[in-house]
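Student: Residue numbers for the sequence shown follow the working numbering, so the first one is 26 and each next one is one higher. In this text, a Cβ means the ideal position worked out from N, Cα and C, and glycines have one as well.
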Amino acid sequence: DAEQLFRLVREDIALDGKDAKEKPDAEPEPPADPAAPDDELAVQVRNGTRTAERGTAPGRANAIAGLLVERGFTKAVADPSVLPSEDRTVIRYPSADLEGDARRVAESLGIPASSVKRSTDVS
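Here is the structure:
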């Protein structure tokens with residue numbers, strides 16, 4: 026069910042239960058730029074949960090995008106792009122003025138701010 030899926034995402038647990046928890050990093054400083062209203066944020070969700078042993082978690086990007094829409098991020102969409110695998114969930118943003126927005130998305134999913142990263146690989 027959706028609540029179980031949300032718990033797995035929030036706690037950064039693989040859908041198949043085969044992951045190891047790492048200690049979270051210290052929380053970074055709050056962003057200088059506040060987040061825009063949730064319904065104005067354009068969010069692309071990509072599935073990077075993949076390893077040689079597990080493969081991909083089918084439908085995960087769609088499920089997470091759906092949860093974001095339910096929580097008021099009405100512009101959230103799943104992106105089918107193939108990504109390099111990630112050990113943990115990461116929220117990426119392209120420029121400093123979008124850090125507050127990225128942190129807001131992470132907060133809504135229960136993802137620690139230490140997993141919010143600036144990257145030129147996203148737009």
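Buried or exposed: which applies to Asp126, given that a residue is buried once 16 or more other Cβ atoms fall within 10 Å of its Cβ?
Tutor: As a working mapping, residue 126 is identified with position 101 in the sequence shown. By the 10 Å Cβ count, Asp126 comes out buried.
Student: Could you check the C-alpha separation between Ala131 and Glu78 for me, to the nearest Å?
Tutor: Taking the sequence shown and counting its residues from 1, one reaches residue 131 at position 106. Taking the sequence shown and counting its residues from 1, one reaches residue 78 at position 53. Taking the straight line joining both Cα atoms gives about 27 Å.
Student: What does the alpha-carbon distance come out to for the pair Gly91 and Val68?
Tutor: Taking the first residue of the sequence shown as position 1, residue 91 is located at position 66. Taking the first residue of the sequence shown as position 1, residue 68 is located at position 43. The alpha-carbon atoms of Gly91 and Val68 are separated by roughly 11 Å.
Student: Can you name the residues that DSSP bridges to Val115?
Tutor: On the sequence shown, residue 115 is found 90 positions in, with the first residue counted as 1. For Val115, which the question treats as bridged, DSSP gives no partner whatsoever.
Student: Just to confirm the assignment, what range does the alpha helix (DSSP H) spanning Ala154 have?
Tutor: Since the first residue of the chain shown is 26 and the last is 148, residue 154 is not available in this structure.
Student: If you drop the 5 nearest sequence neighbours on each side, which residues of the same chain put their C-beta closer than 6 Å to that of Ser133?
Tutor: The sequence position of residue 133 within the sequence shown is 108, counting from 1. Closer than 6 Å at Cβ, skipping near neighbours: Arg96.
Student: Measure from the alpha carbon of Val34 to the alpha carbon of each residue in Glu54, Glu65, Asn87, then state which is nearest.
Tutor: Counted from its first residue, the sequence shown places residue 34 at position 9. Among Glu54, Glu65, Asn87, the Cα nearest to that of Val34 belongs to Asn87.
Student: Does the distance between the C-beta of Ala57 and the nearest non-hydrogen atom of the ligand ADP fall short of 7 Å?
Tutor: No copy of the ligand ADP occurs in the structure displayed, which carries no ligand at all.
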